[in-house]
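Student:
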DNA sequence: CCAAAACATGAATCGCAGG
DNA sequence: TCCTGCGATTCATGTTTTG
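Protein chains in written order, with the numbering used here: chain A, 65 to 425; chain B, 65 to 425.
This is the structure in structure tokens:
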């Protein structure tokens, strides 16, 4: 397959992440989710990002060299991600205190624009056995747009719905990946040391992508991103170097059935709903010309003209313009500001529009 | 006073942080708490949905030319902190996604050894008014030892006691500094835009210092660190450049009486009610997207969408809203109304939620 | 005087489509 | 690419005003 001409959609490619990304065309994916290696100083031994062992020289220059090597690796894969990302695309990276600060600084240097840092609070973290620190009970995700001016996608209403109709916060409480979801080898041992829970990817993809969007995971591991993307009817491009992980991921993805269309959908943002000019309500007699509209407190009143403008003394304009003028406010959503009387009660224009929308479905 | 020979204990010094720290002798303080400028990079004004203006941080001290200038500043003050810190001392820095990644990377480069990153979860954050991002509901603290081999202080038992005899986690839920604690000027306006709550410093100092230890705050503001240090019978060295802040801090510290050292002054932790949105059951695969839910008599059916809403023909909404709509009832408890099939029998969502609760206990 | 409602505010990197 | 105009958007908490 010629990757420079055809995207390897819904595939899990085995190989080096940076090399393979270099073969992809620029501005081709909507979203990147990356869970990069961070095996810097976790064990007694030091490992480089490519998993090779560092001679145990415990001197200052060695520590510096080690950070420098990690930074170089980070800069390389983030550069490729940015090249491959569409102008309005976003990138997610997950990490912990060993590596996330370096990643965050480098992605800022590369021109990414951070939108949020998100805290995955683990409901069941591993305790700190030696009692020398706080229980390390979270990991950090960075969500960033390709650039400061990106018109990135954020499914605000879907996130709000997911959280009982309150704005979704930057701290997410989710359990670790355990039980049946955890992929194990023939001996019953976990195959991957840091397999991420599918619930985490569910929220990530639902927040920042639409169905059929293309999601790239350069460090795919056992294929959590690919599996969730498939279930939510997103396309994926997954890269993983370790053959055993690739094999597990292939089997895993094959077992996933995409949710039916309704299931993969989410609440559309208001802006995505069909636009209905106020004039339509006038034309269709829902708010006939000559109707009096007022604010909620009935402090100001205006008359509906046949062309859908409002008239109030010498003032005339759209529902928004007149709303802002009578309030002396810089702007106004006329749909929610103005009301008409129905059965003795005041009903907002927005309510009338909503009933018109469901009637036309 | 000759700072090179005598420590300015329990004083709030007015002046440039880096210059004054340079005059202090090396290895002289036990702990540093630093709340540096965040380099917020705001542009334009922001209005709430009610058109009121958000009072944003626009002080001179938070403006930097670019990332390079901010990094240089950061490297300079962190270098002095490290020089002044005792071998076994620790440093705390607080920041947000605008600056914390740069700070974390630089302090690693300087040889600090990160012990934890700690998340201050705000119980009452400002919402995201435009609905373009997740509510930015937390700030990040980095806790680091002077070096990898530091035998740093951690009051494990005190932290455990503060947390109902469970290990203290790396995520702390605390309210913002408001009400009587917030220092105001003669006009009743907040004096400092970013005054930190005393409860935060209480936990920081109780975790990582002993009575009579010396705590340095290079960006003291209105003296929160100094006030809490005094109440907990720690010594402090505070540096602040702005005369009005220094004046406020001096008066504030004077009013503090050291508490008896019996530990009775522990601030209690906030216990959270276990709120489980229906969306959690969807994310975690307990009720996967696409599942069909029905009422007990199977008279109406709906499909579960990925964001936790239910879809039924043209209707879409939360489990409660859709439940009331299909019944034509004013309200409905969706948890008990809707059921899914499990082993051929109908089980209410409420039952599934209950099993989820016990699993997480 | 009390209860209820209205108001105020917090480290904020806070539009978008169409012409 | 710039310009214009539509019209989307808030939670927890403390304080003040109103009935």
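The C-beta atom is built at its ideal place from N, Cα and C for all residues, glycine as well.
Can you tell me where the beta strand (DSSP E) holding residue 303 of chain A begins and where it ends?
Tutor: Along the first chain, one-based indexing puts residue 303 of chain A at 239. Note, residue 303 of chain A: beta strand (DSSP E), 299-304.
Student: Closer than 8 Å, CB to CB, is residue 125 of chain A near chain B or not?
Tutor: Here residue 125 of chain A refers to the residue found at position 61 when the first chain is read from its first residue. Confidence at residue 125 of chain A is low in this model, with a pLDDT of 45, below 50, so its placement is unreliable and the value that follows should be read with caution. For residue 125 of chain A, the answer is no, since every Cβ of chain B falls outside 8 Å of its Cβ.
Student: From the beta carbon of residue 155 of chain A, is the nearest beta carbon of chain B less than 8 Å away?
Tutor: As a position in the first chain, residue 155 of chain A is number 91, starting the count at 1. Answer no: the Cβ-Cβ gap between residue 155 of chain A and chain B never drops below 8 Å.
Student: Taking C-alpha atoms, which residue in A:183, A:143, A:274, A:250 lies nearest to residue 211 of chain A?
Tutor: Within the first chain, residue 211 of chain A is the residue found at index 147, counting from 1. Minimum Cα distance to residue 211 of chain A is reached at A:143.
Student: With 8 Å as the threshold, decide whether the Cβ of residue 192 of chain A is near any Cβ in chain B.
Tutor: As a working mapping, residue 192 of chain A is identified with position 128 in the first chain. Yes, contact with chain B.
Student: Could you list which residues in chain A have their beta carbon closer than 7 Å to that of residue 202 of chain B, in chain order?
Tutor: As a first step, residue 202 of chain B is located in the second chain; it is residue number 138 there, counting from the start. Result: 183, 234, 235.
Student: Assess contact between the stretch 164-173 of chain A and the stretch 164-182 of chain B, defined as three or more Cβ pairs (one per stretch) separated by less than 8 Å. Is contact present?
Tutor: Cβ pair count under 8 Å is three or more, so yes.
Student: At the level of alpha carbons, what is the spacing between residue 318 of chain A and residue 70 of chain A?
Tutor: Residue mapping note: residue 318 of chain A aligns to position 254 of the first chain, counting from 1. Residue mapping note: residue 70 of chain A aligns to position 6 of the first chain, counting from 1. Rounded to whole angstroms, residue 318 of chain A to residue 70 of chain A spans 22 Å at the Cα level.
Student: Compute the Euclidean distance between the alpha carbons of residue 219 of chain A and residue 135 of chain B, then round it to the nearest angstrom.
Tutor: As a first step, residue 219 of chain A is located in the first chain; it is residue number 155 there, counting from the start. As a first step, residue 135 of chain B is located in the second chain; it is residue number 71 there, counting from the start. Approximately 34 Å, taken between the alpha carbons.
Student: Who pairs with residue 39 of chain B in a beta bridge, going by DSSP?
Tutor: For chain B, the structure presents residues 65 to 425; residue 39 of chain B sits outside this window and is missing.
Student: Would the stretch 242-251 of chain A count as touching the stretch 290-307 of chain A if we require 3 or more Cβ pairs under 8 Å?
Tutor: Touching, no, given that fewer than three Cβ pairs across the two stretches are closer than 8 Å.
Student: Give, in chain order, every unbroken run of the alpha helix (DSSP H) that is at least 4 residues long and sits entirely within the stretch 222-296 of chain B.
Tutor: Qualifying alpha helix (DSSP H) stretches, in chain order: 262-272, 288-295.
Student: From residue 386 of chain A to residue 399 of chain A, what distance separates their C-alpha atoms?
Tutor: For the purposes of this step, residue 386 of chain A is taken as the residue at position 322 of the first chain. For the purposes of this step, residue 399 of chain A is taken as the residue at position 335 of the first chain. Rounded to whole angstroms, residue 386 of chain A to residue 399 of chain A spans 12 Å at the Cα level.
Student: Quickly, what does DSSP pair residue 158 of chain B with across the bridge? List them, please.
Tutor: Within the second chain, residue 158 of chain B is the residue found at index 94, counting from 1. Answer is B:205, bridged to residue 158 of chain B.
Student: Check whether the Cβ atoms of residue 367 of chain A and residue 381 of chain A sit closer than 8 Å, and answer yes or no.
Tutor: Along the first chain, one-based indexing puts residue 367 of chain A at 303. Along the first chain, one-based indexing puts residue 381 of chain A at 317. Not closer than 8 Å, so no.
Student: Buried or exposed for residue 188 of chain B, going by 16 or more other Cβ atoms inside 10 Å?
Tutor: Here residue 188 of chain B refers to the residue found at position 124 when the second chain is read from its first residue. When all chains shown are included, residue 188 of chain B counts as exposed.
Student: For residue 270 of chain A, which residues in chain B fall below 7 Å Cβ to Cβ?
Tutor: Your numbering for residue 270 of chain A matches position 206 in the first chain. By Cβ distance, chain B contributes 370, 371.
Student: Distance check for residue 283 of chain B and residue 99 of chain B, CA to CA, integer angstroms please.
Tutor: Walking along the second chain from the start, residue 99 of chain B turns up at place 35. Walking along the second chain from the start, residue 283 of chain B turns up at place 219. Approximately 6 Å between the Cα atoms of the pair.
Student: Looking at C-alpha atoms only, which residue of A:394, A:345, A:274 is the closest neighbour of residue 415 of chain A?
Tutor: As a first step, residue 415 of chain A is located in the first chain; it is residue number 351 there, counting from the start. It is A:345.
Student: Starting from residue 405 of chain A, follow its DSSP beta bridges and name the residues at the other end.
Tutor: Counting from one through the first chain, the residue named residue 405 of chain A turns up at place 341. DSSP lists A:410 as partners of residue 405 of chain A.
Student: The beta strand (DSSP E) spanning residue 215 of chain A covers which residue range?
Tutor: The residue given as residue 215 of chain A occupies position 151 in the first chain. First-last for residue 215 of chain A: undefined, no H or E at that position.
Student: Rounded to the nearest angstrom, what separates residue 260 of chain B and residue 390 of chain B at their Cα positions?
Tutor: Locating residue 260 of chain B in the second chain gives position 196, counting from the first residue. Locating residue 390 of chain B in the second chain gives position 326, counting from the first residue. Approximately 49 Å between the Cα atoms of the pair.
Student: Using the three-state DSSP reduction, which class does residue 354 of chain B fall into: helix, strand or coil?
Tutor: Translated into positions along the second chain, residue 354 of chain B becomes position 290. Here residue 354 of chain B sits in coil by DSSP.
Student: Below 8 Å, how does it come out for the stretch 223-236 of chain A and the stretch 195-214 of chain B: are there three or more Cβ pairs, yes or no?
Tutor: Yes: the two stretches touch, three or more of their Cβ pairs being nearer than 8 Å.
Student: Within 8 Å (strictly less), CB to CB, does residue 205 of chain B reach chain A?
Tutor: Reading the second chain from its first residue, position 141 is the one you call residue 205 of chain B. Not an interface residue.
Student: Counting only C-beta atoms, is residue 86 of chain A closer than 8 Å to chain B at any point?
Tutor: In the first chain, residue 86 of chain A corresponds to position 22, counting from 1. Judged by the 8 Å Cβ criterion, residue 86 of chain A is not in contact with chain B.
Student: How far does the beta strand (DSSP E) with residue 367 of chain A in it extend, from its first residue to its last?
Tutor: To locate residue 367 of chain A, count along the first chain from 1; it is residue 303. Taken as a continuous stretch (DSSP letters only), the beta strand (DSSP E) holding residue 367 of chain A covers 365-368.
Student: In terms of residue numbering, what span does the beta strand (DSSP E) encompassing residue 374 of chain A cover?
Tutor: Translated into positions along the first chain, residue 374 of chain A becomes position 310. First-last of the beta strand (DSSP E) with residue 374 of chain A: 374-376.
Student: By the 7 Å beta-carbon criterion, what residues does the stretch 246-280 of chain A contribute toward chain B?
Tutor: So the list reads 262, 263, 266, 267, 270, given in the order they occur along the chain.
Student: DSSP beta-bridge partners for residue 98 of chain B?
Tutor: Working through the second chain from its first residue, we reach residue 98 of chain B at position 34. DSSP lists B:157 as partners of residue 98 of chain B.
Student: How about residue 402 of chain A and residue 371 of chain A: are their beta carbons less than 8 Å apart?
Tutor: Translated into positions along the first chain, residue 402 of chain A becomes position 338. Translated into positions along the first chain, residue 371 of chain A becomes position 307. No, Cβ-Cβ distance for residue 402 of chain A and residue 371 of chain A is not below 8 Å.
Student: Using the C-alpha atoms, what's the distance from residue 116 of chain B back to residue 384 of chain A?
Tutor: Your numbering for residue 384 of chain A matches position 320 in the first chain. Your numbering for residue 116 of chain B matches position 52 in the second chain. Approximately 17 Å between the Cα atoms of the pair.
Student: Is it the case that the Cβ atoms of residue 364 of chain B and residue 404 of chain B are separated by a distance below 8 Å?
Tutor: On the second chain, residue 364 of chain B is found 300 positions in, with the first residue counted as 1. On the second chain, residue 404 of chain B is found 340 positions in, with the first residue counted as 1. No, the Cβ-Cβ distance between residue 364 of chain B and residue 404 of chain B is not below 8 Å.
Student: Please check if any C-beta of chain B sits within less than 8 Å of the C-beta of residue 383 of chain A.
Tutor: Position 319 of the first chain, counting from 1, holds the residue named residue 383 of chain A. False, the Cβ-Cβ gap to chain B never drops below 8 Å.
Student: Locate the beta strand (DSSP E) running through residue 75 of chain A, then write down its first and last residues.
Tutor: For the purposes of this step, residue 75 of chain A is identified with residue 11 of the first chain, where counting begins at 1. Counting along the chain, the beta strand (DSSP E) containing residue 75 of chain A begins and ends at 75-78.
Student: Looking only at its own chain, which residues have a Cβ that is under 7 Å from the Cβ of residue 123 of chain B, when we skip the five neighbours before and after it?
Tutor: In the second chain, residue 123 of chain B corresponds to position 59, counting from 1. Within the same chain, residue 123 of chain B has close Cβ partners 257.
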